[in-house]
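Heads up: the sequence shown begins at 4 in the working numbering, then just goes up one per residue. The C-beta atom is built at its ideal place from N, Cα and C for all residues, glycine as well. Before any comments, here is the structure.
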Amino acid sequence: MADISTKPYLIRALYEWCADSGYTPQILVAVDAHTRVPVAYIKDGQIVLNISAGATRDLKLDNDWIQFSARFGGVSHEIAIPVERVAAIFARENGQGLHFEPEETGLSPTDPEPASPSSSSTPAPTKGRPALKVVK
4 MADISTKPYL
14 IRALYEWCAD
24 SGYTPQILVA
34 VDAHTRVPVA
44 YIKDGQIVLN
54 ISAGATRDLK
64 LDNDWIQFSA
74 RFGGVSHEIA
84 IPVERVAAIF
94 ARENGQGLHF
104 EPEETGLSPT
114 DPEPASPSSS
124 STPAPTKGRP
134 ALKVVK
């Protein structure tokens with residue numbers, strides 16, 4: 004029987020603990036070629052992401068991938084992170100959480116990335132000033 008990593012289970016448990024305690028769950032991610040995050044927000048090869056229910060849409064904490072949609076600077080981005088690249092999960096308010104030992108991604112460059120969520124549900128917002136209309 005193959006060894007199953009405890010890491011995704013610990014990430015989900017700490018996410019639930021943060022949510023139940025009223026804290027903001029954040030993850031520290033060591034970015035690599037398989038990590039899909041907004042490049043402009045990466046600093047020193049890492050990014051800290053707020054994964055709270057209010058900051059994400061369609062959050063999926065699977066055994067292999069963490070996926071969600073989030074807005075950065077008002078622009079929606081589809082985020083996909085291999086669980087192996089999560090370096091820590093912690094509460095923003097007090098820093099409590101877990102730090103994980105660095106892992107190399109078990110993915111090869113030919114492995115498929117996770118399926119993108121359907122973009123047909125809502126159209127992309129148009130840029131510019133919002134228009135209000137009086138309805139009687």
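Checklist entry - Residue range of the beta strand (DSSP E) that P28 falls in? => result As a working note, residue 28 is residue 25 in the sequence shown. Counted as a single uninterrupted DSSP element, the beta strand (DSSP E) harbouring P28 occupies residues P28 to A33.
Item to check | Span of the alpha helix (DSSP H), counted from its first residue to its last, around E19 | outcome: Walking along the sequence shown from the start, residue 19 turns up at place 16. Its alpha helix (DSSP H) spans residues K10 to S24.
Checklist entry - Do you know how far the Cα of G77 is from the Cα of F103? => result Your numbering for residue 103 matches position 100 in the sequence shown. Your numbering for residue 77 matches position 74 in the sequence shown. Approximately 31 Å, taken between the alpha carbons.
Item to check | Between the CA atoms of A90 and Y12 - distance to the nearest angstrom | outcome: Within the sequence shown, numbered from 1, the residue matching residue 12 stands at position 9. Within the sequence shown, numbered from 1, the residue matching residue 90 stands at position 87. So the two alpha carbons sit approximately 14 Å from each other.
Checklist entry - By how many angstroms is the C-alpha of Q99 removed from the C-alpha of D61? => result Within the sequence shown, residue 61 is the residue found at index 58, counting from 1. Within the sequence shown, residue 99 is the residue found at index 96, counting from 1. Distance between the alpha carbons of D61 and Q99: 25 Å.
Checklist entry - When we look at the beta-carbon of F75 and count the other beta-carbons within 10 Å, is it buried (16 or more) or exposed? => result By one-based count along the sequence shown, residue 75 stands at place 72. Exposed.
Item to check | Same chain, Cβ closer than 8 Å to A22, neighbours up to 5 away in sequence not counted | outcome: Residue 22 sits at position 19 when you count from the first residue of the sequence shown. The answer, listed in chain order, is P28, S55 and A56.
Next on the checklist: I'd like the list of long-range same chain contacts for E96, defined as Cβ closer than 6 Å, with 5 residues on each side in sequence excluded.
Outcome noted: As a working note, residue 96 is residue 93 in the sequence shown. Excluding sequence positions up to five before and after E96, its CB lies within less than 6 Å of the CB of Y26, all in the same chain and listed in chain order.
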